[in-house]
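In this note's numbering, the protein residues as written are 41 to 240.
Note that beta-carbon positions come from the ideal geometry of N, C-alpha and C, so glycine has one too.
Okay, so here's the structure we're looking at.
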Ligand SMILES: N[C@@H](CCC(=O)N[C@@H](CS)C(=O)NCC(=O)O)C(=O)O
């Protein structure tokens, strides 16, 4: 299998972290690309009509795209049980929350990197940051017992979303309002799969 990849993308990192958890780095070849919404890499476009990464090219079936589809597929074929049946919808909802935080942060980063200064609209980026902070507050208030339970994909996604926020938008202060999540993140981010995939 081949993974259309980038070392910085948090969505790609979800897949790379799962591969590390599985000990299957030899099973997937990474094709590293540089792609943005304004300048789509041809390999990314060939693999995914939306031009987004990650995408997983398979020898025995159509290419898969969207990180949640790929992580669920790999968890299934390698029997990792990262989407346990007993709490499947909780896991998917928490993963969707983490993905939504990533999406808002990626949009804020694109705004400052891709959009000419005179076209920027601060209320829109403020609204995206509010979504991310709201998501973190919801995790602090409702999801800590899930985060402290047996390993699943939602936990990995939450940690990756927070890492991305702190890597790209270090000025965003969230820890004082989310002390329990903050302590969880400080410990969880040292998992070997997360250390191995941490953006430099
Ligand atoms: N929902 C998608 C989001 C993927 C995504 O937005 N990836 C970014 C990189 S972090 C991308 O490819 N951006 C290029 C674009 O928007 O065209 C997923 O979970 O895979």
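Nearest to residue 169 by alpha carbon, out of 202, 69 and 48?
202
Is residue 121 near ligand 1, judged by its Cβ being under 7 Å from some heavy atom?
It does not: the Cβ of residue 121 is nowhere closer than 7 Å to a heavy atom of ligand 1.
In whole angstroms, what separates the C-alpha of residue 142 from that of residue 94?
14 Å
DSSP bridge partner residues for residue 97 (one or two, in chain order):
42
If you reduce the DSSP assignment to three classes, tell me which class residue 80 lands in.
coil
Evaluate residue 84 with the Cβ neighbour count: other Cβ atoms within 10 Å of its Cβ, from every protein chain shown; 16 or more gives buried, anything less gives exposed.
buried
Give me the Cα-Cα distance between residue 235 and residue 229, rounded to the nearest whole angstrom.
Between residue 235 and residue 229, the alpha-carbon positions lie close to 7 Å from each other.
Rounded to a whole number of angstroms, what is the C-alpha to C-alpha distance between residue 122 and residue 78?
Each residue's Cα considered, the two are about 34 Å apart.
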